[in-house]
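Trainee: Number 377 in full-length UniProt numbering belongs to position 187 of the sequence shown; there are no gaps in the numbering.
We put the beta carbon where it would ideally sit given N, CA and C, even for glycine.
Handing you this structure, nothing more for now.
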Amino acid sequence: MGRRYLIVVDDIWSKIAWDEIRLCLPDDGKRSRVLLTTRDAEVAQYASSSKDPFKMHLLCPDDCWNLFQQKAFAGKGFPIEFEDVGKDVAKNCKGLPLMIAVVAKILSSKRTLEEWRKVAERVSSLAEVDAYQQCSGVLALSYNHLPSYLKGCFLYFGLFPKASEISMEKLIRLWIAEGLLKIKGMEGLEEVAASHLNYLIDKSLVIVSKGSMDGKIMTCMIHDLVHDFCLKEAGSQNLLYIVNTDIDGPLWVIPEGCRWVSQQSRGFYFHSRFPDLAYSKLRSFSVNSRTLILDVERCHFKLLRVLDLEKKIFNFPIAILDLVLLRYLALSISRSGQFPISKLLNLQTLIVGLTRIHANRSLPNGIWKLSQLRHLHFWRMYLDSSQTVSENEVKNLVLENIQTVSGLIPSCCTKEIFETIKKVKKLEIAGKAEEFHSEMGWYNNLKYLIELEALNVTVPPDFDSDPLPCLINPSPGSFPPNLKKLTLSRTCLPWNGMNILSKLPNLEVLELKDDAFSGVEWEITEMGFPKLKFLLLEDLYLRYWTASDDYFQCLECVCIRECTLLQEIPEGFADSVTLQLIELHNCRHPLVTFAKQIQEKHEELGNNMLKVYAFDSILQWKKEP
């Protein structure tokens, strides 16, 4: 009492624990401070002042080496040749301070270069290093503090190869298919799964790798050390078996009672087959290697829920139709045409790739019987309309639970088809330029998708074709009113068509890529985009871009990539009260300078909110032909 103090409280696990400690820390107005560390973001937010907590990140290579030197070399005269080995060790720790400190401590007690080299060879997996037990003990604390329903979600990361970036959408769909979620009330499955993932991120077990412009998670990953812990823990519970064909050979012996199997080797080609056993508890099987040729006809896993084979399979395996409990199916086939699917009534996610990228593929009418289907992904997909289905089935032609449809070709963008997927929230339309032209007017049917929130229209690159003419001629009312995100690629609209898009009342994200608009000038003269927050311009032949001061009323982020002709952005951005970020990638130096000047004008007005980041700026540019 009455003294000024600094107290460091390390590793707090709950809000209750912090409340009990803070009772002993009086605030007498003496400018005392408490520094608290925790692996739980919720605890940090609760204990912090009005400012956001400081979030720790993995260390950069230089910081890794500095920390390693402090722990391994401090006060000791190791020869200079130890440094090369030490740098390799620090690099293999992948930026995790805990791992660096523990390994460096072990090495500090070893006096020969040969001993150091042995540790360096094994440090990436820690399989035979004392540090593994010490680090695992710390990670076990994080794991043991998880609610029971989240432990399964966390251990499921072991099915993915080490150091891989994992699509958030894919991870969520796999969790849903496996039944790992704890559902409360009327929350949607995807929303619950997203909250579970955010919980693991907040507990410092999962890392966000990539995010979208609007701040949503695109990919995530776990540290190599955490991955080792997942494998060890899941293996000890007989949950997960990792198949390595380089070691196991072509015949796999899966432990009895195992729930998940993942093939992760990257070696030679193997023609693998399963033994003639029915693994009663097997729920998930995934292949993560392109080198595997799999005999699916011998697949006898009757209770399988997840079959992830996004690798080459020559023909559609008929044996899959016997897996009637499947909820998640992903595979590639080499031939287009119809294949039977109506037996798989429990499917929630269906992903089919085709090795011949230019071929259209036709889904059978049986697709309409899959009432549980939530996500349908086919590249250049053809759907039969209700006119080809019997009258008795027409009334059932509605996929009530559908959330996303990807790869639909323009000829299927009819009123009849859209009414059967009327609850879709995310839609991708893809096709050749001539297909869009032969189906002019398809965009006028988008208004029937009243719940659509994200739309992507794209033309795959075809380097043999001439420059593309305009593929869309939208009119007022062409797009659904609830649309929040719009992505256009190679659609070649005239810039005056932007007046239609600017009237969309709820649009928050606009992404224009690869000649989405043609022409060199975008002049904005009318008020529009009442809710637009994020704008991406990528690989456009845009030279002049002008706008009135208050045109973008809510814009927060502008990202410009590969627009090598553009030298200025609207001067009105200097007066924006909402703009927070301008990000430039591979742009010319005059554009970078102009953006920096806008930032300086903000700072002169006392606004330090706007940040400008430039990556790989082009200082000089060849003369145009």
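Quick one: Cα of Pro720 to Cα of Cys744, how far?
Mentor: Locating residue 720 in the sequence shown gives position 530, where the first residue counts as 1. Locating residue 744 in the sequence shown gives position 554, where the first residue counts as 1. Those two C-alpha atoms are separated by around 7 Å.
Trainee: Check the C-beta distance from Pro671 over to Asn696 and give it rounded, since I have them as a contact under 8 Å.
Mentor: The sequence position of residue 671 within the sequence shown is 481, counting from 1. The sequence position of residue 696 within the sequence shown is 506, counting from 1. Rounded, the Cβ-Cβ distance is 7 Å, consistent with contact.
Trainee: Relative to the alpha-carbon of Ser326, which residue among Glu713, Glu716 and Asp418 has its alpha-carbon at the smallest distance?
Mentor: Position 136 of the sequence shown, counted from the first residue, corresponds to residue 326. The shortest CA-to-CA distance from Ser326 to any of Glu713, Glu716 and Asp418 is the one to Asp418.
Trainee: If we ignore side chains and look at the alpha-carbon of each, how far apart do Leu286 and Gly621 end up?
Mentor: The residue you call residue 286 lines up with position 96 of the sequence shown. The residue you call residue 621 lines up with position 431 of the sequence shown. Answer to the nearest angstrom: the Cα atoms are 45 Å apart.
Trainee: Cα-Cα, which of Thr681, Lys674, Leu493 and Glu711 is closest to Lys693?
Mentor: As a position in the sequence shown, residue 693 is number 503, starting the count at 1. Nearest to Lys693 by C-alpha distance, out of Thr681, Lys674, Leu493 and Glu711, is Lys674.
Trainee: Residues in the same chain with beta-carbon distance under 8 Å from Glu381, minus the five sequence neighbours each way, listed in chain order, please.
Mentor: One-based indexing of the sequence shown puts residue 381 at position 191. Excluding residues within five positions, none has a Cβ falling inside 8 Å.
Trainee: Ends of the alpha helix (DSSP H) at Tyr339?
Mentor: As a first step, residue 339 is located in the sequence shown; it is residue number 149 there, counting from the start. That run of the alpha helix (DSSP H) goes Ser338 to Leu345.
Trainee: What's the C-alpha gap between Glu590 and Leu645?
Mentor: Reading the sequence shown from its first residue, position 400 is the one you call residue 590. Reading the sequence shown from its first residue, position 455 is the one you call residue 645. Cα to Cα, the separation comes out at about 19 Å.
Trainee: Measure the CB-CB distance between Ser522 and Gly556 and report whether it falls below 7 Å.
Mentor: Taking the first residue of the sequence shown as 1, we reach residue 522 at position 332. Taking the first residue of the sequence shown as 1, we reach residue 556 at position 366. For Ser522 and Gly556, no; Cβs fall outside 7 Å.
Trainee: Taking its Cβ as the centre, do 16 or more other Cβ atoms sit within 10 Å of Arg221, making it buried, or is it exposed?
Mentor: By one-based count along the sequence shown, residue 221 stands at place 31. Arg221 should be labelled exposed.
Trainee: Suppose the cutoff is 7 Å on Cβ atoms and the five residues either side in sequence are ignored; what does the same chain contact list for Tyr638 look like?
Mentor: Your numbering for residue 638 matches position 448 in the sequence shown. Excluding sequence neighbours, Tyr638 sits near Lys605, Phe608, Glu609 and Lys612.
Trainee: May I have the straight-line CA-CA distance separating Leu329 from Gln260, to the nearest angstrom?
Mentor: Counting from one through the sequence shown, the residue named residue 329 turns up at place 139. Counting from one through the sequence shown, the residue named residue 260 turns up at place 70. Cα to Cα, the separation comes out at about 23 Å.
Trainee: Using 10 angstroms around the beta-carbon of Tyr195, count the other beta-carbons present and answer buried if the total reaches 16, otherwise exposed.
Mentor: Within the sequence shown, residue 195 is the residue found at index 5, counting from 1. Tyr195 is exposed by the Cβ-count criterion.
Trainee: Assuming Ile296 and Val275 make a contact with CB atoms under 8 Å, what is their CB distance in whole Å?
Mentor: By 1-based counting over the sequence shown, the position of residue 296 is 106. By 1-based counting over the sequence shown, the position of residue 275 is 85. 13 Å between Cβ atoms; not a contact.
Trainee: Check whether the segment 752 to 767 touches the segment 781 to 795, counting contact only when three or more Cβ pairs, one atom from each stretch, lie closer than 8 Å.
Mentor: Touching, yes, given that three or more Cβ pairs across the two stretches are closer than 8 Å.
Trainee: For residue 133, name the three-state secondary structure that DSSP assigns.
Mentor: In the structure displayed, the chain extends from 191 to 815; residue 133 sits before or after that span and is not available.
Trainee: Ignore the nearest five residues each way along the sequence and tell me which others in Pro251's own chain have a CB closer than 7 Å to its CB.
Mentor: Here the question's residue 251 lines up with position 61 in the sequence shown. Excluding positions up to five away in sequence, the list reads Lys281.
Trainee: Tell me, which residues are paired with Glu713 by DSSP?
Mentor: Here residue 713 corresponds to residue number 523 of the sequence shown, with the count starting at 1. Its beta-bridge partners are Thr736.
Trainee: Would you give the residue range spanned by the beta strand (DSSP E) that Met571 belongs to?
Mentor: By 1-based counting over the sequence shown, the position of residue 571 is 381. If you look at Met571, you'll find it in the beta strand (DSSP E) that goes His565 to Tyr572.
Trainee: Can you give the Cα-Cα distance for Leu700 and Lys492, rounded to whole angstroms?
Mentor: Position 510 of the sequence shown, counted from the first residue, corresponds to residue 700. Position 302 of the sequence shown, counted from the first residue, corresponds to residue 492. So the alpha carbons of these two residues sit roughly 45 Å apart.
Trainee: Would you list the residues sitting across from Ile541 in a DSSP beta bridge?
Mentor: Stepping through the sequence shown from its first residue, residue 541 is reached at position 351. In DSSP, Ile541 forms a bridge with Ala520 and His567.
Trainee: Can you say whether Asn478 is buried or exposed, counting buried as having 16 or more other CB atoms within 10 angstroms of its CB?
Mentor: For the purposes of this step, residue 478 is identified with residue 288 of the sequence shown, where counting begins at 1. The residue is buried, with at least 16 neighbouring Cβ atoms inside 10 Å.
Trainee: Can you tell me whether Gln538 is buried or exposed? The criterion is at least 16 other CB atoms within 10 Å of its CB, across all chains shown.
Mentor: One-based indexing of the sequence shown puts residue 538 at position 348. Classification for Gln538: buried.
Trainee: Assuming Gln235 is part of the alpha helix (DSSP H), what are its boundary residues?
Mentor: Position 45 of the sequence shown, counting from 1, holds the residue named residue 235. Gln235 -> alpha helix (DSSP H) spans Ala231 to Ala237.
Trainee: What does DSSP give as the partner residue(s) for Arg778 in the beta ladder?
Mentor: The sequence position of residue 778 within the sequence shown is 588, counting from 1. Ile808, per the DSSP bridge assignment.
Trainee: Report yes if the C-beta distance between Val224 and Ile202 is below 7 Å; otherwise report no.
Mentor: Residue 224 sits at position 34 when you count from the first residue of the sequence shown. Residue 202 sits at position 12 when you count from the first residue of the sequence shown. For Val224 and Ile202, no; Cβs fall outside 7 Å.
Trainee: In the DSSP output, which residue or residues are listed as bridge partners for Ile197?
Mentor: Sequence index remark: in the sequence shown, residue 197 carries index 7 (1-based). In the DSSP output, where bridge partners are listed per residue, Ile197 has Val224.
Trainee: Consult DSSP for Gln323 and reduce its assignment to one of helix, strand or coil.
Mentor: Here residue 323 refers to the residue found at position 133 when the sequence shown is read from its first residue. If DSSP states are grouped into helix, strand and coil, Gln323 belongs with the helices.
Trainee: Go ahead and pull the three-state DSSP assignment for Ala353.
Mentor: Locating residue 353 in the sequence shown gives position 163, counting from the first residue. Assignment of Ala353 by DSSP, reduced to helix, strand and coil, places it in the coil class.
Trainee: Whole angstroms is fine: what's the gap from Trp450's alpha carbon to Phe475's?
Mentor: Translated into the one-based positions of the sequence shown, residue 450 becomes position 260. Translated into the one-based positions of the sequence shown, residue 475 becomes position 285. Answer to the nearest angstrom: the Cα atoms are 6 Å apart.
Trainee: So what does Trp450 bridge to, in DSSP terms?
Mentor: For this step, residue 450 is matched to residue 260 along the sequence shown. DSSP lists Leu430 and Ser474 as partners of Trp450.
Trainee: State the start and end residues of the unbroken beta strand (DSSP E) segment that holds Ser399.
Mentor: Position 209 of the sequence shown, counted from the start, is the residue given in the question as residue 399. Residues Ile397 to Gly401.
Trainee: Please report the distance separating the alpha-carbon of Glu372 from that of Lys352.
Mentor: For the purposes of this step, residue 372 is taken as residue 182 along the sequence shown, with counting starting at 1. For the purposes of this step, residue 352 is taken as residue 162 along the sequence shown, with counting starting at 1. One point to set straight first is that residue 372 is Lys, not Glu, in the sequence displayed. Looking at the two C-alpha atoms, the distance is approximately 27 Å.
Trainee: Thinking C-beta only, is Ser596 closer than 7 Å to Glu625?
Mentor: Sequence index remark: in the sequence shown, residue 625 carries index 435 (1-based). Sequence index remark: in the sequence shown, residue 596 carries index 406 (1-based). Contact flag unset, no.
Trainee: Where does the unbroken alpha helix (DSSP H) through Met411 begin, and where does it stop?
Mentor: By 1-based counting over the sequence shown, the position of residue 411 is 221. From DSSP, Met411 is part of no alpha helix (DSSP H) but of the beta strand (DSSP E) over Ile407 to Met411.
Trainee: What three-state label does DSSP hand Asp278 in the structure shown?
Mentor: Residue 278 sits at position 88 when you count from the first residue of the sequence shown. Asp278: helix per DSSP, three-state reduction.
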